[in-house]
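Numbering (the working numbering), first residue to last: -8 to 387. Some notes on the structure that comes next.
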């Protein structure tokens, strides 16, 4: 299959619509180097149009205005946008523009990565392939307020994190880790369907091995079923919900539940259990194998693509702060008081988050509101994400 390469300007001239061409040449007219460029959304649209019109595979590499687009598999006919979703969902607005890079990192890890176990959680996999840093991994796992404050204090003692606001730090870490983990899950499911990998959810039990080292082993499905029933009975006994077990660790009911659950698991020979996935390479395509030698380069490309995409999403959230009506709270007592009329007739929200600031003291104590009110949320979000990633790069 012969590859055809385009620089960004050639691709724009050949495949872009009028709006994207105008955007590109507006940038070019203002550039000191006379080079046009496209933002993340415009680039994504251009790649989609190229697939729709002529190519089976479209890949982009490089940075900024110097990016190169490589096309493979020329077709004789145009395909619909709906059909494109059978490729890599490039036309789906909820998909990441760096999906292909992330997919290649996963495949390279499965072929070359040093693994003690053949099971891993999707969050741990994101860390192992370099899609999130150790700091993002740890920050996104913390649920208890005291644990969060302790970790934040330790982190901000390092010079690179000094001055980063608490709420913004956790906002960045949680949002971007969750986004990447969800897309990893989607990628793994697709690879499994296409017989590239073996991907099966399982429950692991942890036992104490030699010299106090933990050992992890998959539990038989029937035993998992028995444990699930026992856990449900214990939650009913102590009147606790899943959310209590995550966020109310100091609650006496939660402590009592945890104690009896631990005693039960110990009778089975385990100190704890957790959900994970068996993940193994099942088949290998020669074309994909050619990508495996590019792990370091791919990781760097991923970091740049991820940051650009994350900033775009953050800027949209800041725009919504000014323009999008705030979510309506379901105030059932008030609805009943007004005669039980449908909520939509009385409570359709028209005020934005910005409107709700006035007449309150939110700007005095809520740092996230302060940042969004200043229309600087996207900027600061990107800066914190850059710090998290640069710190990991320095550590390596």
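For each residue, glycine too, the CB sits at the ideal point set by N, CA and C.
Own chain residues within Cβ distance below 7 Å of residue i, not counting five before or after
i, result
"residue 77", "Unreliable positioning characterises residue 77 in this predicted model, as indicated by a pLDDT of 42, which lies under 50. A coordinate reading is not provided."
"residue 12", "3"
"residue 251", "225"
"residue 56", "-1, 26, 27, 28"
Exposure of residue i, with buried meaning 16 or more beta-carbon neighbours within 10 Å
i, result
"residue 42", "buried"
"residue 253", "exposed"
"residue 392", "No statement about residue 392 is possible, as the shown extent of the chain runs from -8 to 387 and does not include it."
"residue 368", "buried"
"residue -5", "exposed"
"residue 354", "exposed"
"residue 33", "buried"
"residue 145", "exposed"
"residue 125", "exposed"
"residue 40", "buried"
"residue 99", "buried"
"residue 45", "buried"
Other residues of its chain near residue i: CB distance less than 6 Å, five sequence neighbours each side excluded
i, result
"residue 113", "172, 175, 176"
"residue 118", "128"
"residue 7", "37"
"residue 282", "At residue 282, the pLDDT of 42 sits below 50, so the modelled position is not reliable and the matter cannot be decided from this model."
"residue 134", "237, 238"
Other residues of its chain near residue i: CB distance less than 8 Å, five sequence neighbours each side excluded
i, result
"residue 211", "none"
"residue 168", "114, 117, 123, 127, 128, 130, 131"
"residue 136", "none"
"residue 360", "344, 348, 353, 354"
"residue 298", "373, 376, 377, 380"
Beta-bridge pairing of residue i - partner residues as DSSP gives them
i, result
"residue 52", "59"
"residue 190", "270"
"residue 46", "65"
"residue 196", "208, 264"
"residue 109", "None; residue 109 has no bridge partner."
"residue -5", "62"
"residue 399", "No answer is possible for residue 399: the residues shown for the chain start at -8 and end at 387."
Cβ-Cβ distance between residue i and residue j below 8 Å
i, j, result
"residue 256", "residue 269", "no"
"residue 390", "residue 64", "Given that the chain is displayed from residue -8 to residue 387, the structure contains no residue 390 and the question cannot be resolved."
"residue 390", "residue 109", "Because the chain is modelled from -8 through 387, residue 390 falls outside the range shown and cannot be assessed."
"residue 143", "residue 157", "yes"
"residue 93", "residue 220", "no"
"residue 229", "residue 244", "yes"
"residue 262", "residue 199", "yes"
"residue 356", "residue 362", "no"
TODO: Specify whether the segment 152 to 163 and the segment 101 to 116 touch according to this definition: at least 3 beta carbon pairs, one from each stretch, less than 8 Å apart.
DONE: Contact between the segment 152 to 163 and the segment 101 to 116 is absent: fewer than three C-beta pairs spanning the two stretches fall below 8 Å.
- [ ] Determine, using beta-carbon pairs with one atom in the segment 137 to 151 and one in the segment 182 to 193, whether at least three such pairs fall under 8 Å.
- [x] Using a C-beta cut-off of 8 Å, the segment 137 to 151 makes no contact with the segment 182 to 193, since fewer than three inter-stretch Cβ pairs fall below that distance.
Open item on the list: Three or more C-beta pairs under 8 Å: does that hold for the segment 207 to 221 against the segment 191 to 198?
Closed with: With a cut-off of 8 Å on Cβ pairs, the segment 207 to 221 is in contact with the segment 191 to 198, counting three or more such pairs.
Open item on the list: Count Cβ pairs between the segment 9 to 26 and the segment 42 to 51 that sit closer than 8 Å; are there 3 or more?
Closed with: No: fewer than three Cβ pairs fall under 8 Å.
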